[in-house]
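Step one of this worksheet: look at the structure below.
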Amino acid sequence: METKYLLEKVRYCNSLTAYSRRKTIPVKVGDVIIGGDNPIVVQSMTTVDTMDTEGSVEQCIRMIEAGCQLIRITAPSIKEAENLRNIKEGLRKRGYNTPLVADIHFTPNAAEIAARIVEKVRINPGNYADKKKFEFIEYTDQSYQEELERIRERFLPLVRICKEHGTAMRIGTNHGSLSDRIMSRYGDTPLGMVESALEFLRICEEENYHDVVISMKSSNTQVMVQAYRLLVQKLDEGGFKPYPLHLGVTEAGDGEDGRIKSAVGIGTLLEDGLGDTVRVSLTEDPEFEAPVAKALVDRYENRTEHDFIPDLTHYPVNPFEYNRRDTIEVFNFGGTNVPRVIADISAVENITEKEMKHVGHFYLPELDKWKMNDLGADYVFSGSNPIPFMLPNGMKEIQHYAIWLNAEDQVNKFPALTLEEFREAEKLHYGLNFLMLSDQEVKEALHLLEGRKDVVVILHSYNLHTMPALRRAFFELMENHSILPVVVRVNYPQQDQDKTMLYAATDVGGLLIDGLGEGIMIGLGAYRGAPRPQILDQIKLHNSVSFGVLQAARTRMSKTEYISCPSCGRTLFDLQETTAMIRKRTDHLKGVKIGIMGCIVNGPGEMADADYGYVGSGKGKITLYKGKEVVKKSVPSEKAVDELIEIIRKDGMWIEPEA
-15 METKYLLEKV RYCNSLTAYS RRKTIPVKVG DVIIGGDNPI VVQSMTTVDT
35 MDTEGSVEQC IRMIEAGCQL IRITAPSIKE AENLRNIKEG LRKRGYNTPL
85 VADIHFTPNA AEIAARIVEK VRINPGNYAD KKKFEFIEYT DQSYQEELER
135 IRERFLPLVR ICKEHGTAMR IGTNHGSLSD RIMSRYGDTP LGMVESALEF
185 LRICEEENYH DVVISMKSSN TQVMVQAYRL LVQKLDEGGF KPYPLHLGVT
235 EAGDGEDGRI KSAVGIGTLL EDGLGDTVRV SLTEDPEFEA PVAKALVDRY
285 ENRTEHDFIP DLTHYPVNPF EYNRRDTIEV FNFGGTNVPR VIADISAVEN
335 ITEKEMKHVG HFYLPELDKW KMNDLGADYV FSGSNPIPFM LPNGMKEIQH
385 YAIWLNAEDQ VNKFPALTLE EFREAEKLHY GLNFLMLSDQ EVKEALHLLE
435 GRKDVVVILH SYNLHTMPAL RRAFFELMEN HSILPVVVRV NYPQQDQDKT
485 MLYAATDVGG LLIDGLGEGI MIGLGAYRGA PRPQILDQIK LHNSVSFGVL
535 QAARTRMSKT EYISCPSCGR TLFDLQETTA MIRKRTDHLK GVKIGIMGCI
585 VNGPGEMADA DYGYVGSGKG KITLYKGKEV VKKSVPSEKA VDELIEIIRK
635 DGMWIEPEA
């Protein structure tokens, strides 16, 4: 039985059913305004050494021309903070007025200099005035209060400088760098992240300083989403002003994985109208970040025009913690099973054994055997184009009902029925039938599903506001105590690959984050009739994206995860090259999380989620971690990957790659 939460107790956005941007106070950053009625602002961060003035200026220009509206530059010490003036002047001489943000971690003195030069400073509450030793200290109320007074004393000068110079500030909490004080009282939790920011925000408000933007970043998408939601609720509850939100997933990685992981976190929040500025953190050159952020943001330009979705009186999930929806097990769907991947191959006629490699299943003709990789689809939907050969044990076929009725094998093939077919059906599979429903049909189907233990629902929506429409349909099932497994099906027009990754990650990932969904299927309808090579490429993409979304939402770990920072002027080695090198040696380790950090700022804290860590600790020197614990210090970089593998091996997590 699901718990029902009063909406007022869990409210974190204007509406869970009608798209509506959260109304915030506007914060002026140079010529750019974040929040208020203004469009969502896209930003990124330089990777060139801040002391390289010309290199920084050139990179900033490339970023601006790629769509960047705000540029963040690291200022790890006083000399870098002072050089921000030269970078700013260099940009102005070239005709660029894009506001700059100084990124500050451990050096309040640098922040105070930067605040007089640039339009915004970013501070991280976990290490701005706190000493971080990863120690558990028992705080009394008095000692806790004394710490807060010390922070106030350290932080107040910056607040006053910002106020005097009209400089904005981002209070940017990171999941991995919460202070020992916060960890001791709240633990490694979304609430700890929120309270970390509120401690600093209270000081700003006491000084009547309100040019503040807040972020709650984590490399764990579930934690990140929960923290932002909780932040909004606590701001409302505490009588704070509605400050704008900066959205981002830290250390998302590169390529497809980085895009999908970013969209699961950022997209989920954008769907509910949260977020006023966005940064996508990719381990790639920064000019590649802005177009990805823009593709995410642009999706909401006309979102208010979506079809009506019935409102809610109660909320059957807790949006501040992860709980999987209760379901029965139907074959290998639901119950305690991981979410399943259904690959849609229905647009391919007479598919061959060789072409099944696009869904992770490889036929070896010389051995007459099949082999499956980490992205081997669980089921394939062939629709009206039945597969003309015998499938391996690791994969099952779903057919349109009319095809299945005439199939020779009605045991190892499974029927997919429309609501009308299901209502009229005289014959069904003995144990597993797929009912294809739109969100509009759920209410009508409820009485047909009562008491059934042989049905998996494949749920889709034609609503422009797809994720909330699907979420509402899940709630309808939950309100009526239906515990049948549900696979989420999404369909997109022919579009570029990045959009498919981002949209699927948002629409399905947003549900998975709340424990909704026992599988994923990306439809192929838009490619029916396209040239065969194009269809096969799309099948491969859809299959890969499906596994990527499940992994990014932390619901099915099928491959190695790399928590790699996006590089910046603090980085002590070539992050892209190093990430590629580590990936080449370790990407066969299923479900292992490896953190790759350019410097100690993004060290043990930022990669709080990783099993193993590779962190720059000096020029050509690497520190290796197991979790947050240092295992080896000052390892020469040319030996560091071998040493990392040795640590994984000693831990019993290493397997040899196949030849």
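Under my numbering, the first residue of the sequence shown carries the number -15, and numbering increases by one thereafter.
Built from N, CA and C at the ideal position, the CB exists for glycine as well.
Secondary structure of residue i, DSSP reduced to three states
i	result
residue 136	helix
residue 388	helix
residue -9	helix
residue 286	coil
residue 581	strand
residue 226	coil
residue 449	coil
residue 561	helix
residue 434	coil
residue 596	strand
residue 399	strand
residue 367	strand
residue 3	coil
residue 106	strand
residue 46	helix
residue 53	coil
residue 621	helix
residue 628	helix
residue 526	helix
residue 572	coil
residue 709	What is shown of the chain runs -15 to 643, which leaves residue 709 out entirely.
residue 609	strand
residue 347	strand
residue 543	coil
residue 566	helix
residue 129	helix
Of the listed residues the options, nearest to residue i (C-alpha basis)
i	options	result
residue 252	597, 572, 3, 602	3
residue 194	300, 160, 128, 146	146
residue 457	495, 631, 358	495
residue 415	160, 437, 406	437
residue 390	315, 322, 412	412
residue 407	400, 262, 432, 13	432
residue 90	48, 84, 138	138
residue 472	440, 71, 595	440
residue 525	155, 341, 442	341
residue 292	179, 447, 600	447
residue 675	239, 40, 575, 511	A query on residue 675 cannot be resolved here, the shown segment of the chain reaching from -15 to 643 and no further.
residue 510	523, 401, 434	523
residue 43	21, 82, 6	82
residue 155	540, 111, 384, -8	111
residue 217	-2, 102, 631	-2
residue 14	-5, 430, 102, 463	102
residue 188	289, 144, -10	144
residue 474	434, 462, 499, 533	533
residue 176	423, 352, 207, 578	207
residue 444	423, 460, 435	423
Expected contact under 8 Å - CB spacing of residue i and residue j to nearest Å
i	j	result
residue 430	residue 1	The pair is not a contact, with the Cβ atoms about 19 Å apart (cut-off 8 Å).
residue 247	residue 280	6 Å
residue 152	residue 104	4 Å
residue 493	residue 306	Between residue 306 and residue 493 the Cβ distance is about 13 Å, and since that is not below 8 Å, they are no contact.
residue 18	residue 260	5 Å
residue 578	residue 570	6 Å
What runs of the alpha helix (DSSP H), each 4 residues or longer, lie entirely inside the stretch 139 to 189?
Taking only runs of at least 4 residues, the alpha helix (DSSP H) segments lying wholly in the stretch 139 to 189 are 164 to 170.
Report yes or no: do the stretch 484 to 497 and the stretch 523 to 532 share at least 3 C-beta pairs separated by less than 8 Å?
Touching, yes, given that three or more Cβ pairs across the two stretches are closer than 8 Å.
Could you name each continuous alpha helix (DSSP H) segment of 4 residues or more that falls completely within the stretch 71 to 102, going from the start of the chain to the end?
Here the runs fully enclosed are 92 to 98.
Determine, using beta-carbon pairs with one atom in the stretch 193 to 207 and one in the stretch 229 to 246, whether at least three such pairs fall under 8 Å.
Contact holds between the stretch 193 to 207 and the stretch 229 to 246, because three or more Cβ pairs, one in each stretch, are under 8 Å apart.
Validate contact between the stretch 258 to 272 and the stretch 490 to 507 using beta carbons, cut 8 Å, 3 pairs
At 8 Å Cβ cutoff, the stretches do not touch.
Counting Cβ pairs, one atom from each stretch, are 3 or more of them under 8 Å apart for the stretch 452 to 468 and the stretch 324 to 338?
Cβ pair count under 8 Å is below three, so no.
If we require 4 or more residues per run, which alpha helix (DSSP H) segments fall completely within the stretch 200 to 260?
Taking only runs of at least 4 residues, the alpha helix (DSSP H) segments lying wholly in the stretch 200 to 260 are 205 to 221, 239 to 255.
Counting pairs of Cβ atoms below 8 Å between the stretch 123 to 135 and the stretch 155 to 168, do you hit three or more?
Result yes; three or more Cβ-Cβ pairs closer than 8 Å.
Across the stretch 319 to 332 and the stretch 508 to 520, are there enough close Cβ pairs to call them in contact, namely three or more that are closer than 8 Å?
Yes, they touch.
The stretch 461 to 475 contacting the stretch 310 to 320, beta-carbon criterion three pairs below 8 Å
Between the stretch 461 to 475 and the stretch 310 to 320, the count of C-beta pairs closer than 8 Å reaches three or more; the two stretches touch.
Fully enclosed by the stretch 294 to 320, which beta strand (DSSP E) runs are 3 residues long or longer?
Counting only runs of 3+ residues, no beta strand (DSSP E) is found wholly inside the stretch 294 to 320.
Below 8 Å, can you find three or more Cβ-Cβ pairs linking the stretch 65 to 81 to the stretch 92 to 112?
Touching, yes.
In the stretch 494 to 524, which residue ranges form an unbroken alpha helix (DSSP H) of at least 4 residues, counting only runs that do not cross its ends?
Positions of the alpha helix (DSSP H) runs, each at least 4 residues long and wholly inside the stretch 494 to 524, cannot be given because no such run exists.
Counting Cβ pairs, one atom from each stretch, are 3 or more of them under 8 Å apart for the stretch 561 to 569 and the stretch 372 to 383?
Touching, no, given that fewer than three Cβ pairs across the two stretches are closer than 8 Å.
Spell out a yes or no on whether the stretch 51 to 65 and the stretch 27 to 42 are touching, meaning 3 or more CB-CB pairs, one atom from each, closer than 8 Å.
Taking 8 Å as the limit for Cβ pairs, the verdict is that the stretch 27 to 42 does touch the stretch 51 to 65.
Jot down the residue ranges of each uninterrupted alpha helix (DSSP H) in the stretch 454 to 493, minimum 4 residues, whole runs only, in chain order.
Segments of the alpha helix (DSSP H) lying fully in the stretch 454 to 493: 481 to 491.
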